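Residue numbers (numbering that gives the first Met the number 0): 0 to 364.
Glycine is no exception: its CB is placed at the ideal position from the N, C-alpha and C atoms.
None of the values given here were measured: they were computed from a predicted structure.
Below you'll find the structure, written out as structure tokens, and then a few comments.
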Amino acid sequence: MPRKPIKIKPKVEYLGILDGNGKFDEELDPKLDADKSLALYRLMLTARRLDERCINLQRQGRIGTYGPCRGQEAAHCASTIALEKEDWIVPAFREPGSFFHRGWPLERILQFWGGYEEGCCPPEGARELPIAVPIASQCPHAMGIAWAMKIRGDKHAVICYCGDGGTSEGDFHESMNFAGVYKLPVIFFIENNQWAISIPRDQQTASETIAQKALAYGFDGIQVDGNDALAVYAATKEALVKAKKGGGPTLIEAVTYRLSVHTTADDPTKYRTNDEVEKWEKLDPIPRYLKYLVKRKVLNPKLIDEIEADVQAQVAAAVERYEAGRDVDPLDCFNFMYAQMPPELEKQRDEFAACLQREGVGKGH
Ligand SMILES: Cc1ncc(C[n+]2csc(CCOP(=O)(O)OP(=O)(O)O)c2C)c(N)n1
Ligand SMILES: [Mg+2]
């Protein structure tokens, strides 16, 4: 009848590979080839430039409320690029790079934030769910996909993105439990950006790390420097290999920072200091990865300028396509949710249609 510590098999680790000056750990470096390294840089830059453009578009009334990803580009882009194209992506709402990487047209993202149904519509054959704004509601969906894959013998995996605030939701915990019990091929990728609107990380949970939450559900957790593209890539790759071998889920906590507003409807100066933001600006994932690529001679000043010009042109063209393609049917907001529309909704749709008719608004007007 002794009293003694209980040994728990799952473990929690920390991983960082690249520092702020382009110095990196040779042994831990995932050694991406030049093409993949450049693709990752381009992807992060595209997410950044589109993000900047979206803030401006919202301020000009050309899209609706927008939730930026500034500062979180390494977290979502490096994890997405580590996946195979058959792996499923279940996003939250700050992962535009995940969609571009999978071939969604950039204007789809603009359509989403512009309030158009098309922004929620995955291209044919996509293995990505659309953006999910209801916090952590995407986690049970990810479990459904992963469970179906397991039953069907599909040897791929699912990555489920979620915020630090999302880890306080029942949906998150139920999903973690389900994934642990059924040993699902899933990665819980937590973008710990230190804030959930105005709630700081230390008021969100009394846990020292978010990674350790995995232990309670019987699997490993790893905390990575989420502004270090190499660490994010390496941890994701490892978790994927494990999942595909039947080793079950992993929780990756990417420690990062929301450098911008929560959404364009938010004023962060009300709840956080400029000093804090400045501290994290110095850890910006993009210049950090750029220094590494220059050091490895994958990037040079000429190529940097070419990629920048190319990305900006791509974003500008997407904005043009978005604004040219506004001939949509407002009644679409009733479609796509139910195979058979419930009578109450049918009634609302008919009332709305009559109202559009009266006002002379809508398709064909
Ligand atoms: C179920 C639900 N409750 C509340 C909200 C309002 N809300 C939007 S974002 C957010 C905070 C989310 O924080 P976190 O999970 O850390 O994600 P972040 O916004 O930092 O990316 C809240 C409470 C919501 N969208 N969904
Ligand atoms: Mg957060």
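{"Asked": "Cβ pair Thr255, Thr64 closer than 8 angstroms", "Found": "no"}
{"Asked": "Close beta carbons around Arg48, own chain, < 7 angstroms, minus the five adjacent residues each side", "Found": "Val310, Gln311, Val314"}
{"Asked": "Interface flag, Cys161 vs chain C, CB-CB below 8 angstroms", "Found": "Among the chains in the structure shown there is no chain C, since it carries only a single protein chain."}
{"Asked": "8 angstroms Cβ cutoff met for Gly96 and Cys76", "Found": "yes"}
{"Asked": "With 16 other Cβ atoms within 10 Å as the buried cut-off, status of Val89", "Found": "buried"}
{"Asked": "Cβ-heavy atom distance, Asp50 to ligand 2, below 7 angstroms", "Found": "no"}
{"Asked": "Beta bridge counterpart(s) of Gly165 as assigned by DSSP", "Found": "Answer by DSSP bridge pairing: none, since Gly165 is not bridged."}
{"Asked": "Start and end residues, beta strand (DSSP E) containing Gly220", "Found": "219-224"}
{"Asked": "Cβ-based burial, Asn192 [other Cβ within 10 Å; buried from 16]", "Found": "buried"}
{"Asked": "Beta-carbon proximity check, Leu31 vs Tyr232, cutoff 8 angstroms", "Found": "yes"}
{"Asked": "Ligand 1 heavy atom lying under 7 angstroms from the CB of Trp194", "Found": "yes"}
{"Asked": "Beta bridge counterpart(s) of Thr249 as assigned by DSSP", "Found": "Ile186, Asp219"}
{"Asked": "Buried/exposed call for Met43, threshold 16 Cβ in 10 Å", "Found": "buried"}
{"Asked": "Boundaries of the beta strand (DSSP E) in which Trp87 is found, first to last residue", "Found": "87-89"}
{"Asked": "Segment contact, 8 angstroms Cβ cut-off, at least three pairs: the segment 142-154 with the segment 194-204", "Found": "no"}
{"Asked": "Alpha-carbon spacing of Ala317 relative to Pro104, whole angstroms", "Found": "8 angstroms"}
{"Asked": "Sub-8 angstroms separation of Tyr337 and Ala73 beta-carbons", "Found": "no"}
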